[in-house]
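Okay, so here's the structure we're looking at.
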Amino acid sequence: MPDRILLTHGSGGSLARELVEKSFLKVLNNPLLARLDDSAVFDFSGTLAFTTDSHVVSPIFFPGGDIGRLAVCGTVNDLAMSGARPLYLSLALIIEEGLAMSDLDRVVASIQRAAEEAEVKIITGDTKVVSRGSADGLFINTAGIGVVPEGVNISGSNAKSGDKVILSGNIGDHSIAVLSKREGLSFATTLESDCAPLGSLVAEMIAVSSSIRCLRDPTRGGLAATLNEIAGQSAVGIRIEEEKIPVREEVLGACEMLGLDPLYLANEGKLVAVVPERDAEVVLKAMRANCYGKEAAIVGEVLSENPGRVVMKTGLGTSRIIDMLVGDPLPRIC
Amino acid sequence: MRFITEFRSSKLAAGLLSQIRLRSRIPARLMEFCGGHTVAIFKHGIRQMLPSTLEMVSGPGCPVCVTANADIDRAIALSQVPGVIITTFGDMLKIPGSRSSLQESKAGGADVRMVYSTMDAVKIASENTDKSIVFLGIGFETTAPTVAASVIQAKERGIDNYYILSLNKLCPPVIRAILDSGEVRLNGLVCPGHVSAIIGSYPWEVIAREYRIPCVISGFEPVDILQCVSMLVDQIEQGEAKVEIAYRRGVRPEGNPEAIRLMEKVFEPAPARWRGMGELPASGLKLRKEYRQFDAELAFAIATEPAQEPVGCICGEILRGTKVPRDCPLFAGICTPEHPVGPCMVSSEGSCSAYYLYGGDLAG
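Line by line, the protein sequences give chains A and B.
The first sequence begins at 350 in this note's numbering and counts up by one.
The second sequence begins at 1306 in this note's numbering and counts up by one.
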């Protein structure tokens, strides 16, 4: 095999076949995928959750993860946020001509590790190769299906006045870890992306409370966007407390340096849960027992006042409105 | 010492606030010059906490906001010269000029690149020897030394396709202009922290003495700002007018001599156009004769149509401190961060954006 991806790898000919067998089948092997039919066929019963997510992160390798792990976790987490147990994923790659074969192998190995951890299988896939300049190394789309347990009804529109808002851990790690490696902005940090599959965390939460109202993963737009979405969908107000939101000192420092606000930074292994007050402590305890929820904290509550608005009590005791992210957060110049 | 959480401590803040409330008797209006301060003040809700004797107004300290429309038009015109790559800090991309923005120019095919450091612009020049690389020199004394360092490096390395469009500006002259105009009665100045880290406290001494106005240099965390306000209140109550530093961990009285040396080696003061204030003498920086080869103004014939100001926009008055964003008929209706009309709504350090993002009314 050549040591770089060529346009011929996407042609459907023998080189394409070799790529599928050596780079994908060997690593992601499972009986459904191995059939290599045009679609994966399987039995299913129950309530289905179905989602899709595309990943274009740059650079494709970053501290704590890579585009492959991200592509698995992104879709797994979207399923988990509906309360579903993730089962199967599709995997579609758009590869820029010239990508090092070793990079592709590294990404596929990472996909397999993440899939194993998340207990999902990649059962169908596709590869396209585009000419140099038409993509940025590697883009990945995954779609996934999962089964929603009976009696579970989780939606952004379920929050009610009096509910508690729980955050599963430190915010901002992913954004800062990726930014630290971005061309032209490299800075030294020991921070790693929090990229992780949250299926087991959600399952353990649901096991202790059947009345979890909302679950969301605060990815793009950060905690601020997620809370605004819930406040809008449920027509409630949300009040959070700055001092209760877990943020690492390194993230705060990088934010100061770059002029960013941790509330708007993307996370890839965190969730926000809205839970009735009576269940808040037991859910929090279950979360803290999971490796992806150790730093979980109750950060706020749902109110009937100011529907659609998110308000934060600052460390100084004042209040400020937390709005949706507007445009792109850009590093400051002064 | 972790440098952030300590300076957001609610206990320290409460102590400073009670001191301020206890001592402030004389009604006073304080201007925070710097956009970074404006944002911090709004973000932490500091205005809500101050006693009714104290009023805070925002000054012209957002470097992107004070860039005149005519200069943005020139940057856009330069971006359309064949073979030119424009390099700039991010905020400039979105600022509307008279007819379009650099962002629109880029979408139309111009090569406009956001950089995080002037050295990246030099690198782009060294890697694209068949192109002309123009760096837009925006900012105050904080960024000017880094522009100067890039010019020196380009000269040393014999890079002859790197140019500066110098729109750099100086802080003390514009503060003088505001005090001279007498449009806003001011009783104290919250002096910029990052700028003073470069220029030190001496340039403010002259201003404090000449205008009999208390000046305190502040950091950007809530405790820094409250400490600064507390020191200003003490001076006002005691009838003093001196320069103090409430940001000792960042600012020394002499500033950063090496940065000053670099800046003075490459640049000399020149008249500059300010949005809302017109041309102010010796308030900008132009390349010295020895570095003329890097001057984009001389290297390219930049022709632009006469600049136009957006109808109804009062950014100029906001920058002078004579009006606040809520006085603007466009604020939050026609002019929002998604669809900005004026620069103060675009820049992350602009007053309008700070009012819009953090200053919303709370019903409950």
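Think of the CB as a built atom: it goes at the ideal place given N, C-alpha and C, for glycine as much as any other residue.
Note that the structure is a prediction, hence the values are computed from the model and not measured.
| Asked | Found |
| --- | --- |
| Determine the DSSP secondary structure at residue 514 of chain A, reduced to helix, strand or coil. | strand |
| Measuring only between beta-carbons, confirm whether residue 447 of chain A sits less than 7 Å from chain B. | no |
| Taking Cβ-Cβ distances shorter than 9 Å, what residues in chain A pair up with residue 1524 of chain B? | Within chain A, no residue comes near residue 1524 of chain B; the closest Cβ sits about 11 Å away, beyond 9 Å. |
| Specify, as a first and last residue, the run of the beta strand (DSSP E) that residue 1411 of chain B falls within. | Segment 1407-1412 is the alpha helix (DSSP H) holding residue 1411 of chain B; no beta strand (DSSP E) there. |
| Would you tell me roughly how many angstroms separate the C-alpha atoms of residue 1630 of chain B and residue 1623 of chain B, rounded to the nearest one? | 7 Å |
| Would you kindly report the start and end of the unbroken alpha helix (DSSP H) that includes residue 435 of chain A? | Element bounds for residue 435 of chain A: not the alpha helix (DSSP H) but the beta strand (DSSP E), 434-445. |
| Could you pull the DSSP bridge partners for residue 495 of chain A from this structure? | A:398, A:435 |
| I need the straight-line Cα distance from residue 1487 of chain B to residue 1560 of chain B, nearest angstrom please. | 29 Å |
| Roughly how many angstroms separate the alpha carbons of residue 1405 of chain B and residue 426 of chain A, rounded to a whole number? | 41 Å |
| What separation, rounded to the nearest whole angstrom, lies between the Cα atoms of residue 356 of chain A and residue 1458 of chain B? | 41 Å |
| When we look at the beta-carbon of residue 388 of chain A and count the other beta-carbons within 10 Å, is it buried (16 or more) or exposed? | exposed |
| Classify residue 606 of chain A as buried or exposed, calling it buried when 16 or more other Cβ atoms lie within 10 Å of its own Cβ. | exposed |
| Short of 7 Å in beta carbon distance, which residues of its chain neighbour residue 1377 of chain B, apart from the five on each side in sequence? Order them along the chain. | 1400, 1402 |
| Restricting to Cα atoms, I'd like to know which of A:563, A:537, A:494 is closest to residue 394 of chain A. | A:494 |
| Report the option in A:360, A:414, A:502 whose CA atom is closest to the CA atom of residue 398 of chain A. | A:502 |
| Which bits of chain A does residue 1467 of chain B rub up against, with CB to CB less than 9 Å? | Simply none; closest approach about 16 Å. |
| Can you give me the start and stop residues for the alpha helix (DSSP H) that residue 1379 of chain B sits inside? | 1374-1384 |
| With a threshold of 16 other CB atoms inside 10 Å of the CB of residue 1618 of chain B, please say whether the residue is buried or exposed. | buried |
| Can residue 1313 of chain B and residue 1526 of chain B be called in contact, C-beta distance under 7 Å? | yes |
| Among B:1484, B:1485, B:1452, B:1462, which has the Cα closest to the Cα of residue 1470 of chain B? | B:1452 |
| Residue 420 of chain A to residue 434 of chain A, Cα distance in whole Å? | 17 Å |
| Which residues in the same chain have their Cβ closer than 7 Å to the Cβ of residue 350 of chain A, if we skip the five residues on either side of it in sequence? | 367, 371, 450 |
| Taking C-beta pairs closer than 7 Å, name the residues in chain A that residue 1348 of chain B reaches, listed in chain order. | 669 |
| For residue 1354 of chain B, go through chain A and note every residue whose CB falls closer than 9 Å to its CB, in chain order. | 665, 666, 667 |
| By the DSSP assignment, the alpha helix (DSSP H) with residue 631 of chain A in it spans what residues? | 626-638 |
| Relative to the C-alpha of residue 481 of chain A, which candidate in A:471, A:443, A:580 has its C-alpha closest? | A:443 |
| What in chain A is Cβ-close to residue 1472 of chain B, meaning under 9 Å? | The premise fails here: residue 1472 of chain B is roughly 12 Å from chain A at the closest Cβ pair, so nothing lies under 9 Å. |
| Interface residues of chain C around residue 672 of chain A at Cβ under 7 Å? | This model lacks chain C altogether, as its protein chains are A and B. |
| Tell me, please, whether the CB atom of residue 1309 of chain B is closer than 7 Å to any CB atom in chain A? | yes |
| To which residues of the same chain is residue 688 of chain A closer than 7 Å at the C-beta, ignoring the five residues directly before and after it? | In the structure displayed, chain A extends from 350 to 683; residue 688 of chain A sits before or after that span and is not available. |
| Pick helix, strand or coil for residue 595 of chain A, following the three-state DSSP scheme. | coil |
| Which same chain residues, not among the five before or five after residue 411 of chain A, have their C-beta less than 7 Å away from its C-beta? | 526, 527, 530, 542 |
| Can you find a C-beta in chain A that's less than 7 Å from the C-beta of residue 1315 of chain B? | yes |
| Does the CB of residue 576 of chain A have a neighbour CB from chain B at under 7 Å? | no |
| By DSSP, does residue 1319 of chain B sit in helix, in strand, or in coil? | helix |
| Taking beta-carbon pairs under 9 Å, can you tell me which members of the region 1398-1415 of chain B lie near chain A? | 1398, 1399 |
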